[in-house]
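A short write-up of the structure that comes next.
Number of protein chains: 2
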Amino acid sequence: MVAGFRHSTPGPSDQYNQLHEYELTATGNLYNSVPEPGKKYTDGSSIDWLQEEAAERERSHALHSQAGVRGALLPALDSARMWIVVIATGIGIGLAGAWLDVLVKWLGDIREGRCAYGFFYNSVACCSGLDAGEFCVEWQTWSQYFHIKSMFASSFLQAFVYISLAVIFGGTSAFLVENYAPYAFHTGIPEIKAILSGYVFDAFLSPWTLLIKALGLALAVASGLSLGKEGPLVHVACCMAYLFSRMFKQFRHNEASKRRVLAAAAAAGVSVAFGSPLGGVLFGLEELDAFASETDVMWQGFVASAIAAVALQWVNPFGTAKLVLFQACYLNFPSVTALSDTWRAFELIPWISLGVIGGVLGSLIIRLNVEIAIYRRQSAVGEWPVLEVVFASGVTAALSYLVVFGRVQTSELVANLFQECDPTKGDYHGLCNKYSPNATKENIFLLVLTAFIKVVLTAWTFGMMVPAGIFLPTIGIGACLGRAVGLVMQSIYRSHPTAWFFQSCPPDPSVRCISPGFYAIIGAASMLGGVTRMTISLVVILFELTGALSHVLPIMISVMTAKWVGDALGKDGIYTVWIAMRRYPWLPPVHYRDQGETAAHVMRSVSDLVVIKDGVTTVRELLDTLRQHDYHGFPVIDKHGEYVGYTTRDSLQLAIDEIHFTEGAYGLEDKICTFSKNYMLVSASNRIDMSSTLETTIIQLRKEVSQEMLVSMFQKMNPRQIIFTHAGKLTGMVTKRDIVDLLTQHFPHAASLAREPPPT
Amino acid sequence: MVAGFRHSTPGPSDQYNQLHEYELTATGNLYNSVPEPGKKYTDGSSIDWLQEEAAERERSHALHSQAGVRGALLPALDSARMWIVVIATGIGIGLAGAWLDVLVKWLGDIREGRCAYGFFYNSVACCSGLDAGEFCVEWQTWSQYFHIKSMFASSFLQAFVYISLAVIFGGTSAFLVENYAPYAFHTGIPEIKAILSGYVFDAFLSPWTLLIKALGLALAVASGLSLGKEGPLVHVACCMAYLFSRMFKQFRHNEASKRRVLAAAAAAGVSVAFGSPLGGVLFGLEELDAFASETDVMWQGFVASAIAAVALQWVNPFGTAKLVLFQACYLNFPSVTALSDTWRAFELIPWISLGVIGGVLGSLIIRLNVEIAIYRRQSAVGEWPVLEVVFASGVTAALSYLVVFGRVQTSELVANLFQECDPTKGDYHGLCNKYSPNATKENIFLLVLTAFIKVVLTAWTFGMMVPAGIFLPTIGIGACLGRAVGLVMQSIYRSHPTAWFFQSCPPDPSVRCISPGFYAIIGAASMLGGVTRMTISLVVILFELTGALSHVLPIMISVMTAKWVGDALGKDGIYTVWIAMRRYPWLPPVHYRDQGETAAHVMRSVSDLVVIKDGVTTVRELLDTLRQHDYHGFPVIDKHGEYVGYTTRDSLQLAIDEIHFTEGAYGLEDKICTFSKNYMLVSASNRIDMSSTLETTIIQLRKEVSQEMLVSMFQKMNPRQIIFTHAGKLTGMVTKRDIVDLLTQHFPHAASLAREPPPT
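Residue numbers (full-length UniProt numbering), protein chains in the order written: chain A, 1 to 760; chain B, 1 to 760.
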């Protein structure tokens, strides 16, 4: 009957999906309760923030206006539910992060050997409880375990197990991702950014994606592929928040509230990834632009972030009572302030050089990564994602095994590179061999080689069918290069300790003047700056990671240099580039400066718009329009072209269905739709009143406004569309999508990885 | 001649000021160069951000479109100038802060004695260079200096010098402020908040204010009045940034660019005040709402903040190589992580209680402060500001001298209260007397008494005619109460070490289970939360101050509790209350929720508006309108009431002056003003074309939008006014002032301290 109206609308596949989704959520009793229009969005569309805020306002108003105790209690309950979700997510992601660390450590270790106590101990747990100086015999390499004495056979066995397990881990991860949760691949941050800004992509946050992403991430990291766990952990945290938020109607029914919780979860994800609760909040602020100017949401992010860090610390996955591995690096020093004198003005030259290197190399990684991603999409490689991962794991493992610095996990490598040489501690692969110039040369060569290999592998890996973060490999590359520059400086100093350049160093060359470990931190900061183009959150994360609070100024200078140099070679960070390639409707929070163009240049003029005519369009024509066009909404004008309002597909369809149900189908299709009060006098039997379908939250501008202001309006108010009128007449319309396209038009590969032409 | 038009306009005093100001800035050659309309604002008005952004856009466009090298160089120079100002401000405020610290320390010390080496050494500098265990004989109290042996005479002399110098310092400070820079009184943060959001108040940032505020602050702090230096330092930093920015045209001519630099300066001010660079940035973000969503500005704030901290550390005013006094408190512990186990779940009960106390007492201070400020304004007290300060200094000094804890400067008191008792270190006024229950009781009584006295004195002092911050006294009150609660808990534990409540404590009661020093931190956090209603920046400032990173969770919980309790007793923090009392046009960044009202309820309807009629109004009528009304701008409508545009007083006046200059005065007053293209056909000799005076950046809405959305539009886009139209017809207008009044209407004393009815 009524359904006939809907099922008989064969339209573009997208429209079909929309209706399908729509039916699912109406749960069969569409006609008993009248759902509010515009409440549901299909995946792939953008929410209208103004609309959602208005809905939230109505709901909150309804709660507050309840009589008596209910009126006082319900709003409190509302806020309590939000905190439950935020706190549960914080605890959840803290525990998940800790569990992942334990799993990764164990998986990584069994590539080299096993524990005699039991198979499920990792090397640290296996050797714990020893006194200082005791040697750990319980941890056996595979050749020890199989009692292989021959040097050649032992090396071969070790390499074979190492590489095979890498391939198995990588392949399993890719297999899981491809078959069970394709959205679990890649970092997830571009999607989270888009979702937080209003993109609807619920499938991306499903429980199944959560599980596969977490498991696949552990396997991928353990396989030794050149990837990190940071971005994926943000994705996992958001999946968790989504899962918890589904328990409460207030989040299910309001996209804006849901996004507030997701923003807090994202901050918690970063907090766990780096053990950096403040860094998490600032990452949410700067990179995800998650808190807009709502300090409440920032506070929720901070709480989630702190709780996650506490949960992680409680589990204590590294057995060190510290949040992260790197923090070890400055505990050699009696106190942080002691560091404050250990850098000299001349060091600014190598540090700024590192900034320049970071900017150039970062841009190179971005470009390389884009080219590889496009090649993958266009060639046969894209058809065999699991094979690609297997191959990449093999190559990565083989290369890493040969170049010693790559053999350990990147996080361990970075921890070692950040560490200053300390005679009382062990030496890492001869990195601290102090007095042999040859060893230094060899180290510099190896470090640069490792960095070079990692650049290529990272650009290849980021985008394969496994969960993959870009942060840790970037830190690794930067740390290698930074340490290399530090070693170069150190050897120059050692050979010319009295040169004027080193005047400010202590005259005795045996006293340390250059700290190569700190150069590694600077290198890492520069590379991160070049790849992500973040600024303040990077600095905070790095000094939370390393404890180098007093060295914040050089870190800032190098990040700034890297960003400036990088921006000169291409404005966008790697996440922005991926967003543009996948054509997500996300507006970068940049200050857009036009060249004098006005909104008229980007607006769709009224002659190109599908409009509904107040008092003219019949129900039949209206249904035809709905069938032929899959736009989300339509402007309504009157006979004279005067702008009456804006209405959405969903609310129109609903209104017609409702009238059809109450008044029957007879003669309905010939009735005239009216939207304004001018038609109150027309006989009611000839018309149906659709004025209730008009949106109240439409922004109108004049087409003479500058593009700069138009973009700023979209960035700040986040509407779905803006209407242009002049002297009451509709002149045109601009949607968020148009603005997104405007802001990405400078990027050559925009939309090259988009799945399908997205809905308007 | 032409000037006749302007000078013959006797209007309200405000208009006169406006014209006066206008003449000053035109520097005599108004008619050679045509100044762009809307560029200048008088003090007391609000800028239109959209307008300023548009002007900045035009300027930047002009720079970029220069040919050749100039086109590449000028924009870079532009950005370089901004960085010069930011960096210079950072260095300047860092040095100024250090200099203030030194001055305050010396002034404070000479209240107790003098250095035998030389009059200008403070007690620390005087006694430096001693070996451990040596006793400092060079620092002499006044009775030692005058060789007074009698116990009574000695006490009397000490008290006399102490109190007289306090009165002299306080009186001098008030005298300087009242006579040379009245804007230098109070904290300055409410004004800075208003200025950053678009209020024009250049006199507040004058070099003279800078000097007097800095000097007066040092005197006021040294006088022992219950005030801190935090807010005033933010003001001083902004004055510096204003001074530096005046050197460059780009800041002089654009209010928006100027505000970006001021935002960075404010962050630097907080950074120096607390030695907390991150806290500075977050304070700018949360309390000043300074960075909107522009991460560039945040980055500038971070740079300024870090540079200021480095400059402060370089001067090293405390001789400790640390940024602040309080940091000492956790250096007893071998490492911060060792702290992580020293708090137990049952302690949440006293901590949450402290949060509740903070919330209640914070609201009490706000209310008391408001009542006192209004009484001061309404009674004769306000006429004798210097006398009031002299009296207050005397009372404060006498009370502080009697109650021992108050005798030292608040910062020193707080540092001692934050410190755990350590047998190897000195005991502070018997605070650590461990085994005498009577001493504990006495300490608790004294601490509560000190807190109570400080509550009253602080509420009185904050608003007197001296520079005064509220942060430090609030921390002091909180630290006293927190320490008292800590001592109560400790004595309960000591008398019942085996109670079930203390199960989680170690069984041996001689091992410390309760850390009263940390309770003091919690108390300080709670009080700050109650008074300022800040959240995340407080937490960050407190853990940057104390190094208690691992205790961040209890600090968060207590701040949160204090904020919730405080909000229940009145939504606004102390700065917001002062803004409301002084009626600054500042929009709190709260999520305003209406009760179903629409914009129609707050809008001024078209019948109440002074409008200009396109094609009808003559020049004479226009000049009359300008003379009679001091509105900043006027809507333009046509004969049929259709909305044509919006134009400002300045641009109208300019356009008329210009025509008058080029075409002469003859017949000018009878000409008709036209604004739209409809009148192109009317004979040019009968009309003057004013279409260029229309603003392009006007936002139009329909009066049916919810108040919530209207407020959000003002908060996010920050326009000066929004126009309402319906079907092309002007229906009304809302200005920022209307929205400010809407948001402060719940506050009973709104505008009670406003100097005069501010311009619209």
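Positions of the beta carbon are idealized from the N, C-alpha and C atoms, including for glycine.
May I ask you to report which of helix, strand or coil DSSP gives residue i?
{"i": "Cys115 (chain B)", "result": "strand"}
{"i": "Phe724 (chain B)", "result": "strand"}
{"i": "Arg583 (chain A)", "result": "coil"}
{"i": "Asn332 (chain A)", "result": "Residue placement at Asn332 (chain A) is flagged as unreliable, the pLDDT there being 35, under the threshold of 50; a coordinate-derived value is accordingly withheld."}
{"i": "Val644 (chain A)", "result": "strand"}
{"i": "Gln653 (chain B)", "result": "helix"}
{"i": "Ile514 (chain A)", "result": "coil"}
{"i": "Gly92 (chain B)", "result": "helix"}
{"i": "Phe747 (chain A)", "result": "coil"}
{"i": "Val636 (chain B)", "result": "strand"}
{"i": "Lys454 (chain B)", "result": "helix"}
{"i": "Ser706 (chain B)", "result": "strand"}
{"i": "Gln700 (chain A)", "result": "strand"}
{"i": "Thr617 (chain A)", "result": "coil"}
{"i": "Ser491 (chain B)", "result": "helix"}
{"i": "Gly570 (chain B)", "result": "coil"}
Leaving out five residues on either side along the sequence, give the residues of the same chain with a beta carbon under 7 Å from the beta carbon of residue i.
{"i": "Gln66 (chain A)", "result": "Leu74"}
{"i": "Thr440 (chain A)", "result": "Leu487 and Ser491"}
{"i": "Arg252 (chain B)", "result": "Arg246"}
{"i": "Phe501 (chain A)", "result": "Phe346"}
{"i": "Ser257 (chain A)", "result": "Glu56, Gln250 and Phe251"}
{"i": "Ala754 (chain B)", "result": "Arg582 and Arg583"}
Residue i lies in the beta strand (DSSP E); which residues open and close that run?
{"i": "Asp689 (chain A)", "result": "Arg687 to Asp689"}
{"i": "Thr674 (chain A)", "result": "Ile672 to Thr674"}
{"i": "Trp139 (chain A)", "result": "Trp139 to Thr141"}
{"i": "Thr735 (chain B)", "result": "Lys729 to Thr735"}
Looking only at its own chain, which residues have a Cβ that is under 6 Å from the Cβ of residue i, when we skip the five neighbours before and after it?
{"i": "Glu287 (chain A)", "result": "Met534"}
{"i": "Cys432 (chain A)", "result": "Cys421"}
Would residue i pass as a contact of residue j if the rule is Cβ separation under 7 Å?
{"i": "Ile536 (chain B)", "j": "Leu282 (chain B)", "result": "yes"}
{"i": "Leu730 (chain A)", "j": "Tyr643 (chain A)", "result": "yes"}
{"i": "Ile688 (chain B)", "j": "Ile659 (chain B)", "result": "yes"}
{"i": "Gly529 (chain B)", "j": "Leu481 (chain B)", "result": "no"}
{"i": "Ala304 (chain B)", "j": "Gly284 (chain B)", "result": "no"}
{"i": "Thr618 (chain A)", "j": "Ile656 (chain A)", "result": "no"}
{"i": "Thr589 (chain A)", "j": "Asp202 (chain A)", "result": "Reading off the sequence, residue 589 (chain A) comes out as Pro, not Thr. No, the Cβ-Cβ distance between Pro589 (chain A) and Asp202 (chain A) is not below 7 Å."}
{"i": "Val540 (chain A)", "j": "Gly279 (chain A)", "result": "yes"}
{"i": "Met603 (chain A)", "j": "Gly732 (chain A)", "result": "yes"}
{"i": "Ile357 (chain B)", "j": "Val531 (chain B)", "result": "no"}
In the DSSP assignment, find the alpha helix (DSSP H) that holds residue i and state where it starts and stops.
{"i": "His64 (chain B)", "result": "Trp49 to His64"}
{"i": "Arg260 (chain A)", "result": "Glu255 to Phe274"}
Counting pairs of Cβ atoms below 8 Å between the stretch 185–195 of chain A and the stretch 234–244 of chain A, do you hit three or more?
-> yes
For the 8 Å Cβ check, are there 3 or more pairs between the stretch 160–177 of chain B and the stretch 101–112 of chain B?
-> yes
Please determine if the stretch 469–476 of chain A and the stretch 221–230 of chain A are in contact, where contact requires at least 3 C-beta pairs separated by less than 8 Å.
-> yes
Just checking, does the stretch 646–658 of chain B make contact with the stretch 735–750 of chain B on the three C-beta pairs under 8 Å criterion?
-> no
Indicate whether the contact test is met: 3 or more Cβ pairs, each with one atom in the stretch 167–187 of chain B and one in the stretch 212–219 of chain B, closer than 8 Å.
-> yes
contact_flag[the stretch 68–86 of chain B, the stretch 740–751 of chain B] where n(CB pairs < 8 Å) is 3 or more | no
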